[in-house]
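This report concerns only the one structure given below.
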Amino acid sequence: MPNTVLTVQNLRKSFKEQQVLYDVSFNVKKGEITALLGPNGAGKSTTIRSIMGIIYPDHGTIHFNGEQKSQIPKHKIGYLPEERGLYKNVKIMDILLYFAELKDYPLKKAKERALSYLKKFGLEGKEKVSIEELSKGMGQKVQFIASIIHEPELLILDEPFSGLDPVSQDVFKEEIRALAKSGTAILLSAHQMNVVEEMADRLIMLHKGKQVISGSMEEVKRQYASFKCTIHGKNDEKKLQSIAYVTRVEQTDNVSILFLDQNLSPSEWIRELPSDIHIEEFRLDRISLHEIFIDVASDRTLTREEEENYA
Amino acid sequence: MRNSLKVARWEFKRNAKNKSFVISLFLTPVLFILFATLPSLLSGLGSNDEPVNVNVSDPAGIWEEHIEPYISPSDLNWEVRVETMSQDEWMNTSQEDESAAVFLVLDEAAIHDGQVTYYSNDSTPDSFAVDIQHLGPPLQQLSLQHAGLSDEQMNAVTSGVQFNAEQVSGQETTTSETNSLERIVPGAFAGLILFSIVMTGMMIFQSASQEKKEKVSEIVLSSLTPADLMQGKIIGYFWLGMLQVGVWLIVALPIVLWRFNEFPILEFLLVPELPVLILIALIGYLLFAALFVGLGATIEDISSTSNFQGMIMMLPFSPLILIRPILSDPNGLAAQIGTYIPFTSPTVLIMRLSLLEEWPWIEIGIAITLLILSVWIVMKLAGKIFEVGILLYGKNASMSDIVKWVRS
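As given, the protein sequences belong to chains A and B, one line each in that order.
Note that the working numbering has the first sequence beginning at 1, numbered continuously upward.
Note that the working numbering has the second sequence beginning at 1001, numbered continuously upward.
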C-alpha cells in the first residue's frame, strides 16, 4: 500500500457570497498519479491553490506526509500552474537556478539536473538563451523543468498538456510516468479524458465545487461499469422506463438512450426486451470516462445520484 | 527573511545585468554633468573672442601712469593703443575697419568733470559699456588728487563701506559661506540618496506589474509567501538604488572635489548630522517602495492605468510645489506643513535641514515618528493589495477592487 503524501480533508472555500468548494477530500499517494477532473469553474484551481498555500481555505485541513503542521513544506512540492509564464529577459539556466534556489535545492546539483532535462527535452545547448527567444512549446518545457528541478516529493500539474503539440505531449507523459515510477506523488488536473484514462491511478471529479466522483481508476470504472442502450425508433418513454434494469431514459425525437443498472447481464437483458419496441437501429455501449465528464459538465442527470450521495 | 533575500539577490542581479539599467547607470551622471556645464559652454560659444581695439587719445597724459596700472587690458580683452590722431581722423579710418574698435578720449574733462566720452563702431560688443566702468575708480582717485586731498583722505573716500558677516558658533568663528556649505553638502548627499532610491523604487512598480503580465507570480508564490516576495523586491531595488548612488559618487565626487577644491567637501560631508539625513532618506524610500509595489500589483497593462494610479505615481514629486516657499522661509508655514505630510516629509525635511542653522529637533522627531507610522500603515495596505493583486492576471484592478482587498 503506497504511503499517503498529501491528505486533503473537508476543504471549503467561498468567494464573497458564493461557495466554490464543498467539503472536498482526497489523498495523493507516493508513486501514484492522481487526476483532478472537472469542467471550467469546478474548483480545481481553487483546490490546487489552497494546497499550495496561495489562497487560504475557509475550512478543512491539508496535511503533507501525515504531519500535523499548519503549513505545507513548499520546498518539497513542485508546481506547474495553469496560468504560467517566465521572466522574459533572462537566460534559461539563470531562471532554473533561481527556482531551485527558492526551493533550497543545492545549486550545483540543480545545474546538473537542468542540463540533463534540457537535453531530454531537446533544448541541449540552449541554457544561455534568453526566454524571450523561445517558442511557446519550448517555454512550456522550461516551465516543466522548473517545477521538477528540486526533485519534489509531490508534483502538482495544473493542465500540463494544454497548448502542447502531440509530440511534446508524449514527452511530458513519459516524463510524468517516469517521475511517478521513481516515487513522486503526482496530482494532475487535465481536460483530456483519454490522457487521464491512460495515465491516472486515482481520480477525483469536481463539479460546481462538489466532489462527484472519487476513487482509484479501477473503482471508478467498476462503479460506472454499466451500459447505455441507444435505440432509434418511435417509442413511448414511459414504456421504455418500465423495462427491467433501466435506471433512466433520455429521449429526443426518435432517439432514446436507456441508462442501465450496472448489475445486468447484457445478453440476458437483450433477450428479455419487449417484442413491441420499435427498433430501427440498436446499440449497446459502456459508459466512458469522457461521457461521465461531459455528463457532469453539461449538468445532466447521469451522476445526479452520485452527487446526492457525496453532498 | 531568508526567502526575501533570495528574491532581493535575484532582482538585483537581473537588473544589474540588464543593458538599459547599466547604460542609464553611467549615462545619468554624465547627463547631470552635461546639464550643469552646458549652459556656460553654450554662452561661451556665443561670446566674441576677438579683442576690442581701444584707441586712447590721451591729451591729459594720464593713461600710462594712472589708469593702465589699475586695470588689466588683457582680462578685459582690449587691445590698447595710445593714439595721436584726432577723433575725426579715427572715424574716417575706422569706417573701413570691420573689427571692434573704440576711440576713448581722456582729456581734462575726464579728470575734473568725471565725463569720459568714447566712440565705438558697429562691431563693438555691448559688454564694452560694462567693461569701461573699470576706468571709474582710478579716474575718481585722480580727480580727488587734483582737488588736493591727502592719500589718507582719498582712501577714506574711495574705499566706501563694506559689510563683512562673521558668525560666532561655540568657540570658533566661521564665515557664513563655509557654514552654509557645511549644511548643504550632507543635505545634498541625503537628497541624492533619496532621489536615486526613489527612482529605482519606481522600478519596483514595473517589476510587480511585469510579474503579473508575464504570469510568473504563481510559480514564485509556490515557493514563498507574498510578503517574502514583496519584501525581497523592496530590498533588491534598495540595493540597486545604492549601487546607483555609489556609481554616481565614483563618477561625480572627483569632479566636485576638483571644482570646489577651496572647500573641504569630505569634511563637510562626514558630519554628525549626516546619519539623521540618511535615515530620513531611507524611511522615505520605504514609504514610496511600499506604495509602488502595492500599486504595481494592481496593474498589468501600464498603458491603461487609471487617474488614481497615475496620481500615486506623481506623489514623490509633490514636494516640488513647496520648493520656493521653503527656500524663502525654511521655518515658514508651508515648510512646517510639508514636514508633517508623509509623502512630502522626506524631501521637505532634507531641504529644510540643509538650510536651517538650528535644527527643530521636536519637529524632526514628530515628522520621523509620523513617517515610520505611515510606512507601517502603507506596508500593511500594500501587503494586502499585493497578495491578491499579483495573482489577478489579465486585467488592471479598479479602485473599488483595491478598496475591497484592503477591507478583506
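The beta-carbon is built from N, C-alpha and C at its ideal position, and this holds for glycine as well.
Under the three-state reduction of DSSP, which class applies to residue i: helix, strand or coil?
i	result
GLN9/A	strand
ALA1147/B	coil
ARG283/A	strand
ASP158/A	strand
GLU133/A	helix
GLN19/A	strand
SER25/A	strand
SER14/A	strand
ARG248/A	strand
ILE72/A	coil
GLU1011/B	helix
VAL1276/B	helix
LYS228/A	strand
GLN1171/B	Per-residue confidence for GLN1171/B stands at a pLDDT of 45, beneath the threshold of 50, marking its modelled position as unreliable; no derived number is given.
GLN211/A	strand
VAL1271/B	coil
ILE144/A	Residue identity differs from the one stated: residue 144/A is Phe in this sequence, not Ile. PHE144/A falls in the helix class under three-state DSSP.
LEU1139/B	helix
LEU349/A	Outside the displayed range of chain A (1 to 311) lies residue 349/A, so it cannot be described from this structure.
SER256/A	strand
Would you mind working out which of the options sits nearest residue i, comparing C-alpha positions?
i	options	result
SER76/A	PRO166/A, VAL195/A, LEU6/A and GLN223/A	According to the sequence as given, residue 76/A is Lys; it is not Ser. Comparing Cα positions, the closest option is LEU6/A.
ILE1204/B	ARG1324/B, LEU1295/B and SER1024/B	LEU1295/B
GLN1133/B	GLY1114/B, SER1328/B, LEU1349/B and ALA1290/B	GLY1114/B
ILE54/A	SER1223/B, ARG1324/B and SER1354/B	SER1223/B
PHE1103/B	ALA1110/B, HIS1112/B and VAL1082/B	VAL1082/B
LYS111/A	LEU86/A, VAL196/A, PHE293/A and MET93/A	MET93/A
PHE1189/B	LEU1279/B, ASN1015/B, TRP1063/B and PRO1051/B	LEU1279/B
GLY1061/B	ALA1110/B, PRO1051/B and MET1313/B	ALA1110/B
ALA1208/B	ILE1234/B, ASP1122/B and PRO1342/B	ILE1234/B
ILE213/A	GLN140/A, THR4/A and ALA35/A	ALA35/A
ILE156/A	ILE186/A, GLU268/A and SER168/A	ILE186/A
PRO1342/B	LEU1371/B, ARG1324/B, LEU1327/B and PRO1325/B	LEU1371/B
LYS108/A	LEU123/A, HIS150/A and TYR87/A	HIS150/A
ASP236/A	TYR224/A, LYS74/A, GLU67/A and GLU250/A	GLU250/A
SER168/A	SER256/A, PRO39/A and PHE121/A	PHE121/A
Who are the neighbours of residue i on chain A, taking C-beta pairs under 9 Å?
i	result
ARG1014/B	TYR87, ASN89, VAL90, ASP94 and TYR98
TRP1248/B	Those do not exist, as TRP1248/B stays about 24 Å from chain A at its closest Cβ, beyond 9 Å.
Which two residues bound the contiguous alpha helix (DSSP H) that contains residue i?
i	result
HIS1112/B	1108-1112
GLU219/A	217-223
MET1379/B	1361-1389
MET93/A	92-102
VAL1220/B	1217-1221
ILE77/A	Element bounds for ILE77/A: not the alpha helix (DSSP H) but the beta strand (DSSP E), 77-80.
Output, in chain order, the set of chain A residues within a Cβ distance shorter than 8 Å of residue i.
i	result
ASN1018/B	ASN89
LEU1224/B	LYS74 and LEU102
Which stretch, first to last residue, makes up the beta strand (DSSP E) that contains residue i?
i	result
GLU1079/B	1078-1083
TYR1119/B	1117-1120
ASN1411/B	Nothing about residue 1411/B can be reported from this structure: the residues present for chain B run from 1001 to 1408 only.
THR34/A	33-37
VAL1403/B	It is not in any beta strand (DSSP E) - VAL1403/B instead sits in the alpha helix (DSSP H) that spans 1399-1407.
GLY60/A	59-64
For residue i versus residue j, is the C-beta distance shorter than 9 Å?
i	j	result
TRP1361/B	PRO1029/B	no
LEU1192/B	VAL1245/B	yes
TYR1285/B	LEU1194/B	yes
ILE337/A	LEU37/A	An answer regarding residue 337/A cannot be provided, because it is not within the stretch 1 to 311 covered by chain A.
LYS16/A	GLY183/A	no
ASN10/A	HIS59/A	yes
VAL1054/B	GLU1079/B	yes
PRO1330/B	VAL1271/B	no
LEU260/A	PHE227/A	yes
SER189/A	ILE72/A	no
GLU280/A	HIS232/A	yes
GLY1236/B	TRP1010/B	yes
GLY1241/B	VAL1198/B	yes
Going along chain E, which residues have a C-beta under 7 Å from residue i?
i	result
LEU1221/B	In the structure shown, chain E does not exist; the protein chains are A and B.
Quick one: list the residues of chain B neighbouring residue i, beta-carbon separation under 7 Å, in chain order.
i	result
GLU101/A	LYS1006
Which bits of chain B does residue i rub up against, with CB to CB less than 9 Å?
i	result
ALA185/A	Ordered by position in chain B, no residue passes the 9 Å Cβ test against ALA185/A, which lies about 16 Å from the chain.
Who are the neighbours of residue i on chain A, taking C-beta pairs under 7 Å?
i	result
TRP1010/B	TYR98
Measuring from the CB of residue i, is there a heavy atom of the ligand GDP at a distance below 8 Å?
i	result
ILE270/A	No copy of the ligand GDP appears in this structure; indeed no ligand is present at all.
For residue i, return the contacting residues in chain B, with the cut-off set at a CB-CB distance below 8 Å.
i	result
ILE77/A	SER1222
ALA146/A	ILE1219
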